[in-house]
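Asks: For the record, the sequence lines run as chains A and B. Oh and the first sequence: position 93 is 93 in the UniProt record's numbering, straight run, nothing missing. Oh and the second sequence: position 208 is 208 in the UniProt record's numbering, straight run, nothing missing. There's a structure below that I have some questions on.
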Amino acid sequence: MFRELNSNAAPPAGLRIVCALAIVGLTLALIAAVVVSGPAAPGLQAAVAAALPHSGVENPVTAVLLNFRSYDTLLEIAVLFVVAVATLPLRRAVAPQRTEAVAVEPVLAALVKLLVPLVVLTGGYLLWVGAYAPGGAFQAGALLAGAGVLLSLAGGFSLAALPARPLLVVGLVVFTAVAAAVGAITGAFLQYPVAAAGVLILVIEAAATVSIAATLLLLYGNLAEPVPSGPLAGTKEPAS
Amino acid sequence: MSGLSLPALLPWLVGLPLLAAAASFAGQRWVAGRWLNAVGAAAQLALAVLVLWLLAAGDSGLGQRYTLGGWGAPLGIDLYIDGFAGLMIAITAALGFVLSLYSCSYFTEPDQAARFWPLWWLLMVALNAVFLAADAFNIYVTLEILGLAAVALVALQGGRPALQAALRYLLVGLLGSLCYLLGVALLYRAYGTLDLAQLGQLVHAAPLSWAALGLITVGLLLKTALLPLHFWLPPAHANAPAPVSAALSALVVKASFYLLARFWLETLSAATTAQGLQVLGVLGAAAVLVGSIQAIRAQRLKLIVAYSTVAQLGYLFLLFPLFGRPSDTAGLGGAVVDAVAYFIIAHACAKAAMFLAAGNIQRAAGHDDISRLHGIARRQPLSLFAFAIAGASLIGLPPSGGFVAKWLLLNAAIDAGQWWWLITVIAGGLLAAVYVFRVLNLAFTDSAEQPPAAEAQPVLPRLLPLGAFALAIITVLLGFNALWVLEVLDIGVPPLQLAADGEAL
Numbered sequence: 001m002f003r004e005l006n007s008n009a010a011p012p013a014g015l016r017i018v019c020a021l022a023i024v025g026l027t028l029a030l031i032a033a034v035v036v037s038g039p040a041a042p043g044l045q046a047a048v049a050a051a052l053p054h055s056g057v058e059n060p061v062t063a064v065l066l067n068f069r070s071y072d073t074l075l076e077i078a079v080l081f082v083v084a085v086a087t088l089p090l091r092r093a094v095a096p097q098r099t100e101a102v103a104v105e106p107v108l109a110a111l112v113k114l115l116v117p118l119v120v121l122t123g124g125y126l127l128w129v130g131a132y133a134p135g136g137a138f139q140a141g142a143l144l145a146g147a148g149v150l151l152s153l154a155g156g157f158s159l160a161a162l163p164a165r166p167l168l169v170v171g172l173v174v175f176t177a178v179a180a181a182v183g184a185i186t187g188a189f190l191q192y193p194v195a196a197a198g199v200l201i202l203v204i205e206a207a208a209t210v211s212i213a214a215t216l217l218l219l220y221g222n223l224a225e226p227v228p229s230g231p232l233a234g235t236k237e238p239a240s
Numbered sequence: 001m002s003g004l005s006l007p008a009l010l011p012w013l014v015g016l017p018l019l020a021a022a023a024s025f026a027g028q029r030w031v032a033g034r035w036l037n038a039v040g041a042a043a044q045l046a047l048a049v050l051v052l053w054l055l056a057a058g059d060s061g062l063g064q065r066y067t068l069g070g071w072g073a074p075l076g077i078d079l080y081i082d083g084f085a086g087l088m089i090a091i092t093a094a095l096g097f098v099l100s101l102y103s104c105s106y107f108t109e110p111d112q113a114a115r116f117w118p119l120w121w122l123l124m125v126a127l128n129a130v131f132l133a134a135d136a137f138n139i140y141v142t143l144e145i146l147g148l149a150a151v152a153l154v155a156l157q158g159g160r161p162a163l164q165a166a167l168r169y170l171l172v173g174l175l176g177s178l179c180y181l182l183g184v185a186l187l188y189r190a191y192g193t194l195d196l197a198q199l200g201q202l203v204h205a206a207p208l209s210w211a212a213l214g215l216i217t218v219g220l221l222l223k224t225a226l227l228p229l230h231f232w233l234p235p236a237h238a239n240a241p242a243p244v245s246a247a248l249s250a251l252v253v254k255a256s257f258y259l260l261a262r263f264w265l266e267t268l269s270a271a272t273t274a275q276g277l278q279v280l281g282v283l284g285a286a287a288v289l290v291g292s293i294q295a296i297r298a299q300r301l302k303l304i305v306a307y308s309t310v311a312q313l314g315y316l317f318l319l320f321p322l323f324g325r326p327s328d329t330a331g332l333g334g335a336v337v338d339a340v341a342y343f344i345i346a347h348a349c350a351k352a353a354m355f356l357a358a359g360n361i362q363r364a365a366g367h368d369d370i371s372r373l374h375g376i377a378r379r380q381p382l383s384l385f386a387f388a389i390a391g392a393s394l395i396g397l398p399p400s401g402g403f404v405a406k407w408l409l410l411n412a413a414i415d416a417g418q419w420w421w422l423i424t425v426i427a428g429g430l431l432a433a434v435y436v437f438r439v440l441n442l443a444f445t446d447s448a449e450q451p452p453a454a455e456a457q458p459v460l461p462r463l464l465p466l467g468a469f470a471l472a473i474i475t476v477l478l479g480f481n482a483l484w485v486l487e488v489l490d491i492g493v494p495p496l497q498l499a500a501d502g503e504a505l
C-alpha cells in the first residue's frame, strides 16, 4: 500500500474483487442514507423566483448563473481559461500557415456554405434567447465552435489565421472588467445596477461565447492535428 | 469603519491575480517584461499585507463577510475572512512574491514562460478564492481551478516522468473533486443551502450528514495526500519545475487541508464523532512515520523533499484529535489551531526553501541523484546553506519556525491530555534529522572515485540561490516573531459567540 505505484500491471484479481465489493457496499449505503432521509429540503427555488424581477433576465437558470451566483460562473470561465493555456500548442513561430491542398468534396463545400451561416445564426439566437429561455453562452459557444470545425474540414479557413490569444481571453477580461466596473457604481463587486443588468449580462455572455468557442476549437485543433508544429487555433467571430 | 474598508478589498484578492493571468497571457508578446509579473506579485503581497493589517487593526475582532453581487447568502455567494484565512492569504502572497521573483530567472525558455505565468496567476486566484470561500459549491469551483492549474504546472516540466505524474495527479484530483461535489449535493438536498455558516447552524447528526461528511472528507483527503492516499504526491512534487514544486508542497496541499479543518471543526462539526477525529489523527501520525521512512530511503534529492511533505502533512492532522468536538459557539481558534496554523506557515517557508535549493542543485548538476551529489556544498554553497536551514526547521531545531511550531503542538497535546501524540512528534523530528543529515553528510564529503571538479557546471543566475536563501531566512525570522502571528490567528475566533454578545448590547 505504501509503495509507489509505478508499474502499469493490473492489480491482482482478489484486490479488484474486494474493491468492487467495497464500492457496491458504499453505493448501497449512500442510497440508503438518501432514502431514509425523507423528502429533500425546499431549496432555493422560492428565493430565486422572488429575486428574478431584479435580475435583468427572465430565465431563472441564466439569473442564477449570471447574476445570483455570477462569481461561480466567473471562476468557471477561469477554469476554461486554465484548459486553454494548458493545451495551447508549442511555438507558433515555427509553424507557417497550413497550405496543404485539401481535396474538398463539392457536396461538402455546398453543404458548408448552407450550414455555417445557419449555425452561426442559431448560435447568436441561443445567446440572445438565454435571457428568456434555455440557452446562453455555453450553448452558443459550442455551436460556433461546431461551425468552425465544419469550415476547417471543408478547407474554408485555416484555424491558424485568427488571433487565438485575444479570443481565448476576452471572456475572462470582459467578465472581470464588468464585475469591477459595476462594483465602482453600486458598491459591491458583481452587483449590476438593476436597470442595466440585462444588457450587462448579454455583454458578458457574448464575450464568454467567443472564448468558449475558441477554447473548444483549440481543443479540436490539437486533437485533430497533434503535430508539434501545430498552429494555434482560431475561431470565427460571432455574428452578434 | 473608516475610509479604507476591509471587506471591499476582498474581491481584489481574487480579481487582481485574475487580471494578471489574463494580462500575462494576452500581452506577453509585446510586453517584453516577465518582470512585470514580479511587480504584480508585489502588488498582491501589498494587498494581502493591507488586508491582514486591517484585519488585525479592526476593533471588532470579528471575521468579515463580503456579499458578492449584493444578494447575500443563501441566494448569492459571500466571501469570509478571519484570522486563519487571513494568515493563509498572507503566506500565499508572501511565498507567491518570492517564488515569482525566482521564476523570473528560472523560466528562461520563452515557450515555458509563456505558459507558466498565466497558470501561475490562476493558481494564485484559486488559492485566494479557496481561503476566502464561504459557500460549499463555490469551493468546488475553486478546487477545479486549483487542481487543473497545478496539474498543468507539473506538466510544464515535460518529459515522461513529469507527464505521467501529472496525469495521475489529474485523475486523482478529479476523483477528489467529484467526491466533494457529491457530498455538497447531499448537503443541499438535506438542508437547502450552500452557505457554510448557514449549514453550520442547520447540520445535525443524520445518515445524510454522515454520508456528505464522508464524501467530502475522502475527496479532500485525496487532494491533501494524507496517507494512505498520498501515492500521487511524491512523483508529482518531485518531477515538477522547482518553483512549482515549492508552491504545490507549501500551499496547494494546505488549501485542501484548510477546507478539511473548516468542514470538520466548523460547518459539519455536528455530524462528526470523537472516533472520527481520532482516526484522522492516527492517519496523520502514520503519515509522519511512513513519509519520513520513505524520505530516508529515497534516492533522488527532490523525492526526499517530496516524501518529507507527506510526513509533514501528517503533523497537521493532529489538529483533529487535539481540537476535539467543538461546542456550538466555538469558531476555529484556540491553542491547537494556533499551533497547526503556525505549523502550516513554518512548513510552507521551509519546504519552499528546500524545493528551491534542491531545484538549484538539480539544475547546476544536471541531475538530483543522491549517490552522485558528493561535495555539492563546494559548488552550491548558498543553496546548500538554505537547504540546511530549512532542514533544521523541518527537524524542529531552535530558533527556526519549525521549532516553535512543534513546541506549540507538544504543548497542545499535553493540554489536551493526549500525551501519546508526543511520541509521533518527537519520532518524526528524529527521522527528519536522518534524511536531512543524510543529504548534508554527502554534500560535504568528496566521493572516493569521483573527483569533485571533474564536470564543468553551468553558473546559475544569482537570483536562484538567493531566492532559496531568502525563504530560509524567513523561516528563521518566523521563529523570532511567533507572538505576532499567533495574535492575528485569534481574530474572529468565536464569531458566533461574539456576534451574540454584540446583539445583546
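For every residue, glycine included, the Cβ atom is placed at its ideal position computed from N, Cα and C.
Identify the continuous alpha helix (DSSP H) that holds Thr-67 of chain B and give its terminal residues.
Replies: Taken as a continuous stretch (DSSP letters only), Thr-67 of chain B belongs to no alpha helix (DSSP H), being part of the beta strand (DSSP E) at 64 to 68.
Asks: Compare the C-alpha of Ala-46 of chain B against each of B:Gln-64, B:Gly-96, B:Leu-384 and B:Ala-22 and name the closest.
Replies: Closest by alpha carbon: B:Gly-96.
Asks: Taking the Cβ atom as the reference point for each residue, do Leu-50 of chain B and Ile-81 of chain B lie within a distance shorter than 8 Å?
Replies: No, these two residues do not count as a Cβ contact at 8 Å.
Asks: Kindly examine the ligand HEM and report whether one of its heavy atoms sits closer than 7 Å to the Cβ of Trp-120 of chain B.
Replies: Here there are no bound small molecules, and the ligand HEM is not part of this structure.
Asks: Is there a Cβ from chain A that is less than 8 Å from the Cβ of Thr-272 of chain B?
Replies: It does not; no Cβ of chain A falls within 8 Å.
Asks: Of all the options A:Leu-219, A:Ala-208, A:Ala-197 and A:Leu-190, which has the alpha carbon lying nearest to the alpha carbon of Leu-79 of chain B?
Replies: Per the Cα distances, A:Leu-190.
Asks: Ile-174 of chain B and Ala-136 of chain B: beta carbons closer than 8 Å?
Replies: It should be noted that the sequence gives Leu, not Ile, for residue 174 of chain B. Their beta carbons are not under 8 Å apart, which means Leu-174 of chain B does not touch Ala-136 of chain B by this criterion.
Asks: Counting pairs of Cβ atoms below 8 Å between the stretch 240 to 249 of chain B and the stretch 294 to 306 of chain B, do you hit three or more?
Replies: As far as the Cβ criterion goes, the stretch 240 to 249 of chain B touches the stretch 294 to 306 of chain B, which means the pair count is three or higher.
Asks: Using 8 Å as the limit for Cβ to Cβ distance, is Phe-68 of chain A near chain B?
Replies: Closer than 8 Å: yes.
Asks: Name the residue from A:Pro-53, A:Ala-208, A:Ala-184 and A:Gly-25 whose alpha carbon lies nearest to the alpha carbon of Tyr-132 of chain A.
Replies: Comparing Cα-Cα distances from Tyr-132 of chain A to each of A:Pro-53, A:Ala-208, A:Ala-184 and A:Gly-25, the minimum goes to A:Pro-53.
Asks: Distance, Cα to Cα, Ala-93 of chain A vs Asp-111 of chain B?
Replies: Low confidence applies here, because Ala-93 of chain A scores a pLDDT of 42, under 50, leaving its location unreliable and the question unanswered by this model.
Asks: Please work out which residues of its chain come closer than 6 Å, Cβ to Cβ, to Leu-181 of chain B, disregarding the five sequence neighbours upstream and downstream, and give them in chain order.
Replies: These residues qualify, in order along the chain: Tyr-140.
Asks: Can you grab the Cα-Cα spacing for the pair Tyr-435 of chain B / Ala-181 of chain A, in whole Å?
Replies: Distance between the alpha carbons of Tyr-435 of chain B and Ala-181 of chain A is about 53 Å.
Asks: At the level of alpha carbons, what is the spacing between Leu-44 of chain A and Ile-91 of chain B?
Replies: Rounded to whole angstroms, Leu-44 of chain A to Ile-91 of chain B spans 36 Å at the Cα level.
Asks: According to DSSP, is Arg-300 of chain B helix, strand or coil?
Replies: Here Arg-300 of chain B sits in strand by DSSP.
Asks: Apart from the five residues on each side of it in sequence, which residues of its chain come closer than 6 Å, Cβ to Cβ, to Ala-298 of chain B?
Replies: Same-chain partners within the cutoff: Ile-304 and Tyr-307.
Asks: Between the Cα of Leu-168 of chain A and those of A:Gly-25, A:Glu-76, A:Leu-218 and A:Leu-66, spot the shortest distance and give me the residue it belongs to.
Replies: Looking at the Cα atoms, A:Leu-218 is the closest of the given residues.
Asks: Return no unless some Cβ of chain B is closer than 8 Å to the Cβ of Arg-16 of chain A.
Replies: Not one chain B Cβ lies under 8 Å of Arg-16 of chain A.
Asks: Output, in chain order, the set of chain A residues within a Cβ distance shorter than 9 Å of Leu-138 of chain B.
Replies: The question names Leu, but residue 138 of chain B in the sequence shown is Asn. By Cβ distance, chain A contributes Arg-69, Tyr-71, Asp-72 and Leu-75.
Asks: Taking the straight line between their C-alpha atoms, what separation do you get for Thr-424 of chain B and Ala-285 of chain B?
Replies: Those two C-alpha atoms are separated by around 6 Å.
Asks: Go ahead and pull the three-state DSSP assignment for Ala-93 of chain A.
Replies: Interpretation of Ala-93 of chain A is limited by its pLDDT of 42, a score under 50 that renders its predicted location unreliable; the figure taken from the coordinates is listed afterwards. Three-state DSSP puts Ala-93 of chain A in coil, outside helix and strand.
Asks: Note down, in chain order, every chain B residue with its Cβ under 7 Å from the Cβ of Leu-52 of chain A.
Replies: Here the premise fails: no neighbours, minimum Cβ distance about 11 Å.
Asks: In whole angstroms, give me the CA-to-CA distance for Gln-312 of chain B and His-374 of chain B.
Replies: Taking the straight line from one Cα to the other gives about 27 Å.
Asks: I need the straight-line Cα distance from Val-35 of chain A to Phe-323 of chain B, nearest angstrom please.
Replies: The straight-line gap from Cα to Cα measures roughly 33 Å.
Asks: What do you get for Ala-184 of chain A, buried or exposed, if any count of 16 or more other CB atoms within 10 angstroms of its CB means buried?
Replies: With fewer than 16 Cβ atoms within 10 Å of its Cβ, Ala-184 of chain A is classed as exposed.
Asks: With DSSP as the reference, label Tyr-80 of chain B as helix, strand or coil.
Replies: Looking at Tyr-80 of chain B - three-state DSSP - the assignment turns out to be strand.
Asks: Should Val-141 of chain B be flagged as near chain A, meaning a C-beta pair shorter than 8 Å?
Replies: It does: the Cβ of Val-141 of chain B has a partner Cβ on chain A nearer than 8 Å.
Asks: Scan the stretch 16 to 49 of chain A for residues whose Cβ lies nearer than 8 Å to a Cβ of chain B and list them as they occur along the chain.
Replies: From the stretch 16 to 49 of chain A, only Ala-29, Leu-30, Ala-32, Ala-33, Val-34, Val-36, Ser-37, Ala-40, Ala-41, Pro-42, Gly-43, Leu-44, Ala-47 and Val-48 have a Cβ closer than 8 Å to chain B.
Asks: So is Arg-189 of chain B in contact with chain A if we call contact Cβ pairs under 8 Å?
Replies: Yes, its Cβ sits closer than 8 Å to a Cβ of chain A.
Asks: Would Gly-291 of chain B and Leu-227 of chain B be called neighbours here (beta carbons separated by less than 8 Å)?
Replies: Cβ atoms of Gly-291 of chain B and Leu-227 of chain B: closer than 8 Å.
Asks: Pro-193 of chain A: buried (16+ other C-beta within 10 angstroms of its C-beta) or exposed?
Replies: It counts as exposed.
Asks: Using a Cβ-Cβ distance under 8 Å, would Leu-288 of chain B count as near chain A?
Replies: First, the residue type needs correcting, since residue 288 of chain B is Val and not Leu in the sequence shown. For Val-288 of chain B, the answer is no, since every Cβ of chain A falls outside 8 Å of its Cβ.
Asks: Using a Cβ cut-off of 8 Å, which residues of the stretch 67 to 93 of chain B contact any Cβ in chain A, in chain order?
Replies: Listed in sequence order: Thr-67, Leu-68, Gly-69, Gly-70, Trp-71, Pro-74, Leu-75, Gly-76 and Ile-77.
Asks: For Leu-430 of chain B and Leu-199 of chain B, I'd like the C-alpha separation in whole angstroms.
Replies: Cα to Cα, the separation comes out at about 42 Å.
Asks: So what's Ala-133 of chain B in DSSP terms, helix, strand or just coil?
Replies: It is a strand residue.
Asks: Are the Cβ atoms of Gly-76 of chain B and Arg-69 of chain A separated by less than 8 Å?
Replies: Against a cut-off of 8 Å, the Cβ pair of Arg-69 of chain A and Gly-76 of chain B comes out as a contact.
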